[in-house]
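This report concerns only the one structure given below.
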């Protein structure tokens, strides 16, 4: 059986930015897949079996083989569904730049954003918001250098870094409304503001980008659950 | 095939396992490079310009273009110099190697590091987590000679801290974490790794590394 014929399943949850990444990748490749939604607070047998080390989503199951870690899945999808448009840049240096920024977002920027909700007091909150803002300034500059006038980090089409960064836009909007301050907008980050609009309107992204209202409601639920634990 | 005039420069710090990953990658590919030892208490202009975001080593500068983050650099090296590949061609096996490489970095290194440097209070928990991490690697190496199979690959390079640094640090700290009794397969791998003909040229000398870390213990 060819790779393209094997069944693709994705274990995930609609609010997760990490789950969004492989979904966008699969959409770019026009690859059909079965989306198996995990329930908040419990982990399915399939999840525990296919990602025994981390027990986390997303997990892609291709045929009977599990692939874990969102960006690793994106690279896998790009390689396997080779007839669709490319997701990673073709040049090794461009790839290293994209991977560098994706690592920055995952290791430094997103953890700061996540921490804002649980920040103890004004001082900590302010420091995190500043870190977030500085990160966006870095990404604005990176966007100009990498896109070179084209709409996406990936050029004419959504690519690896667009996916790695764009998946956080929903949660960024929720955070902005929580702190009452816009961080990514026309004044502060004009390039990214335009990019965000174009990204969210893309055919591969629109079906899987959750509405900010729905995410806000979910965030409240999550906070209540965390508080009660 | 000889490349056109290649300029490869590497900014590093000899005791750092992250820096060492890049050195391993360069030596395994037989790439000629210029090395610059960085003093992190007095960072060079070159470092600050080539890694303005993190201001850290290692940094690889290839034909004037900088790349940062050790594993990003290692993958760049693998994709640019095609001999002795660090990753297998099959997409599933590549994904698996990347998964394990990331796991070593995020789940194994931190508790192992903490186990050596933590104070009494945090030591027990750190050691427990470190042992769990080693157990995961023990299961993964199985009967393979290297994580990469017959030869050193991406995961082996990522796990250089486990393969070489841990033995030295545990001696200094008086801890018995990675031993042949507790983790026979992983221990055997660490011996294969550190005596590999090319790897051993790239690793810092044991006594020098021992003295370096010993001088940092209180």
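Protein chains in written order, with this note's numbering: chain L, 7 to 235; chain X, 121 to 338.
We put the CB at the ideal spot given by N, CA and C, even for glycine.
If you're wondering where the values come from, they're calculated on a predicted model, not measured in any experiment.
For residue 28(L), no chain X residue has a Cβ inside 7 Å of its Cβ, as the nearest lies near 11 Å away.
For residue 148(L), the CB contacts under 7 Å within the same chain, skipping 5 residues up- and downstream, are 107 in chain order. Secondary structure note for residue 272(X): it is in no alpha helix (DSSP H), with a DSSP letter that is neither H nor E.
Beyond the five residues adjoining it in sequence on each side, residue 197(L) comes within less than 6 Å, by CB distance, of 146, 149, 150 in the same chain, given in chain order. For residue 323(X), the three-state secondary structure derived from DSSP is coil. Runs of the beta strand (DSSP E) lying entirely within the segment 25-57 of chain L and spanning at least 3 residues, in chain order: 40-43. Residue 68(L) sits in a strand when the DSSP states are folded into three classes. Separation of residue 69(L) and residue 188(X) (C-alpha to C-alpha, rounded to the nearest whole angstrom) is 36 Å.
The CB of residue 82(L) comes closer than 8 Å to the CB of 211, 212, 214, 215 in chain X, given here in chain order. DSSP, reduced to helix, strand and coil, places residue 167(X) within a helical segment of the structure shown.
Assignment of residue 213(X) by DSSP, reduced to helix, strand and coil, places it in the helix class. For the pair residue 194(L) and residue 60(L), the Cα-to-Cα distance works out to about 37 Å.
For residue 165(L), no alpha helix (DSSP H) encloses it, and the DSSP letter there is neither H nor E. Of all alpha-carbon atoms in 260(X), 269(X), 239(X), 185(X), the one lying nearest the alpha-carbon of residue 127(X) is that of 185(X). Chain X places a beta carbon closer than 8 Å to that of residue 99(L), counting this residue as a contact.
One Cα belongs to residue 127(L), the other to residue 279(X), and the distance between them is close to 39 Å.
Put simply, the CB of residue 189(X) is near chain L, with a gap under 8 Å to one of its CB atoms. Rounded to whole angstroms, the separation of the alpha carbons of residue 209(L) and residue 83(L) is 18 Å.
Secondary structure of residue 155(X) (DSSP, three-state): strand. Closest option to residue 138(L), judged by alpha-carbon separation, among 19(L), 100(L), 109(L), 178(L): 178(L).
Look at the beta carbons and you see the segment 79-96 of chain L touching the segment 153-173 of chain L: at least three pairs across the two are nearer than 8 Å. Per the coordinates, the alpha-carbon of residue 102(L) lies some 25 Å from the alpha-carbon of residue 206(L). With 16 or more other Cβ atoms from the protein chains shown falling within 10 Å of its own Cβ, residue 216(X) counts as buried. With a cut-off of 8 Å on Cβ pairs, the segment 305-312 of chain X is in contact with the segment 248-262 of chain X, counting three or more such pairs.
Under the 10 Å beta carbon count, residue 200(X) is surrounded by 16 or more other beta carbons and is classified as buried. The straight-line gap separating the alpha-carbon atoms of residue 31(L) and residue 13(L) is approximately 16 Å. Judged by DSSP in its simplified three-state form, residue 179(L) adopts helix. Within the segment 217-292 of chain X, the complete alpha helix (DSSP H) segments at least 4 residues long are 229-237, 240-261, 274-278, listed from N- to C-terminus. Taking a Cβ-Cβ threshold of 7 Å, the residues of chain X close to residue 86(L) are 211, in chain order.
In the three-state DSSP reduction, residue 182(X) falls in the strand class (E or B). The three-state reading of DSSP puts residue 314(X) in helix, counting H, G and I together. A straight line joining the alpha-carbon of residue 246(X) with that of residue 235(X) spans about 5 Å. Taking the beta carbon of residue 256(X) as reference, the chain L residues within 7 Å of it are 59, listed in sequence order. For residue 230(L), the number of other beta carbons within 10 angstroms of its own is below 16, and it is reported as exposed. Contacts with chain L (Cβ-Cβ distance below 8 Å) from the segment 193-210 of chain X involve 193, 195, 196, 199, 200, listed in chain order.
Shown here, residue 90(L) sits in coil according to DSSP, grouped into three states, outside any helix or strand.
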